[in-house]
Amino acid sequence: MLHDQIILLALQEDIGHGDVTTESIVDKNLEAEGIIQAQEELVVCGLEVAGRVFHLLDPDIQFHAEVADGEKVKAEKVLALVTGSAGKLLTAERVALNFLQRLSGIATQTFHYVELIRGTSAQVIDTRKTTPGLRDLEKYAVRCGGGRNHRFGLSDGILIKDNHLQIAGGIKQAVQSARRFVSHLLKVEVEIESLDQIDECLAVGVDCILLDNMNVKQLHEAVKLIDHRCLTEASGRIRLENIRKIAETGVDLISVGALTHTVQSVDIHMEISG
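Position one of the sequence shown corresponds to residue 149 (this note's numbering), numbered consecutively onward.
Following this line, the structure appears as structure tokens:
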């Protein structure tokens with residue numbers, strides 16, 4: 149089922165040898181309802197995961213989502229209703245909310261970036277700077293926020309970075325070696341730090357050039373030099389404050405590590421009534 153191994157690890161981490169507070173206070177036969185509610189404006193993501201947390205702890209718990217992942221909601225909006233054993237609801241609450249708050253935080257952050265470049269031809273994409281073990285979920289959250297996914301893992305495409313170039317002996321050597329090794333169906337992207345490297349990339353037929361840590365003026369010039377002969381990706385020091393200017397340079401893709409590695413969880417809580 150959906151990411152059950154990750155969810156079970158999270159439950160085991162939290163519960164340990166037992167929820168001693170709930171077990172000592174709450175009658176095991178008591179039934180209750182939990183209302184999961186947004187406390188701020190946000191883009192929802194992770195409802196299915198949250199529901200699965202409750203179900204794995206107690207299959208008799210009923211979880212009903214009131215909205216859908218990817219939906220933008222206002223503060224105080226009810227996101228889901230959950231009913232069943234009061235004790236089990238209390239025990240699962242923190243883990244369910246941890247997933248829901250973080251994934252919704254990523255979706256919300258992504259939405260803000262995407263909105264800022266609306267009307268340009270650029271697309272916001274993520275990176276591999278994700279929480280270990282949570283990459284699939286966090287990249288799903290990026291999509292819920294309107295972003296696109298870069299590589300899920302190292303096997304998804306060739307991305308030749310500065311350290312690869314250093315070891316291989318240059319762009320031509322690295323790209324030719326990569327082409328010989330992999331299927332023709334895999335794309336080849338090369339990271340560059342100088343405009344002087346563009347001609348060599350184009351000469352060996354790369355599919356995409358990653359323009360690393362370039363300022364707006366340099367990005368403008370790079371896009372002009374490349375002239376649609378391959379895709380262009382801007383990366384490095386991308387922030388909400390500068391993404392619009394970067395998008396207006398004409399780059400095709402803008403990769404933003406902050407979508408996942410410095411995201412702030414949003415405020416969602418669950419109120420339980422007997």
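Glycine residues also receive a C-beta, built at the ideal position from the N, C-alpha and C atoms. Predicted model only: the values in this text are computed from it and were never measured.
Exposure of residue i, with buried meaning 16 or more beta-carbon neighbours within 10 Å
i	result
residue 416	buried
residue 383	buried
residue 153	exposed
residue 414	buried
residue 329	exposed
residue 315	exposed
residue 397	buried
residue 187	exposed
residue 165	exposed
residue 168	exposed
residue 411	buried
residue 292	buried
residue 287	buried
Sheet register partners of residue i (DSSP bridge)
i	result
residue 331	BP columns for residue 331 are empty, so no partner.
residue 393	Beta-bridge pairing links residue 393 to no other residue.
residue 417	185
residue 338	308, 357
residue 202	Residue 202 is not bridged to any residue.
residue 174	Beta-bridge pairing links residue 174 to no other residue.
residue 273	296, 403
residue 211	230
residue 179	233
residue 382	359, 402
residue 197	Answer by DSSP bridge pairing: none, since residue 197 is not bridged.
residue 156	For residue 156, which the question treats as bridged, DSSP gives no partner whatsoever.
Per-residue DSSP class, three states only, for residue i
i	result
residue 326	helix
residue 167	coil
residue 404	coil
residue 296	strand
residue 128	The structure shown does not extend to residue 128, since the chain is modelled only from 149 to 422, so the question has no answer here.
residue 93	This structure leaves residue 93 out entirely; the chain is present only between 149 and 422.
residue 411	coil
residue 190	strand
residue 283	helix
residue 368	helix
residue 225	coil
residue 239	helix
residue 388	coil
residue 291	helix
residue 352	coil
residue 245	helix
residue 265	coil
residue 302	coil
residue 250	helix
Own chain partners of residue i with C-beta closer than 7 Å, once the 5 adjacent residues on each side are dropped
i	result
residue 422	178, 180, 234
residue 320	348, 352
residue 391	261, 264, 265, 402
residue 242	162
Residue closest to residue i, alpha-carbon to alpha-carbon, out of the options
i	options	result
residue 420	396, 182, 224	182
residue 158	201, 321, 174	201
residue 401	378, 389, 409, 408	378
residue 304	311, 288, 337	337
residue 318	209, 344, 204, 299	344
residue 238	226, 172, 366	172
residue 175	236, 307, 204	236
residue 350	365, 371, 231, 160	371
residue 111	190, 189, 358, 376	Residue 111 cannot be examined here, being either before or after the span of the chain that is shown, 149 to 422.
residue 113	366, 230, 407, 327	Within the shown structure, residues of the chain are numbered from 149 to 422, placing residue 113 beyond reach of any answer.
residue 376	386, 418, 346	346
residue 394	218, 267, 278	267
residue 218	224, 190, 206	190
6 Å Cβ shell around residue i - same chain, five flanking residues per side excluded
i	result
residue 309	339
residue 271	296, 401
residue 250	413
residue 335	305, 355
residue 289	193, 251, 254, 255
residue 213	195, 228
Close-in-space but distant-in-sequence residues of the same chain around residue i (CB under 8 Å, 5 per side omitted)
i	result
residue 324	352
residue 198	184, 211, 228, 244, 245, 247, 248
Residue i at chain D interface by Cβ criterion, 8 Å
i	result
residue 202	Looking at the structure shown, chain D is missing, and only one protein chain is on hand.
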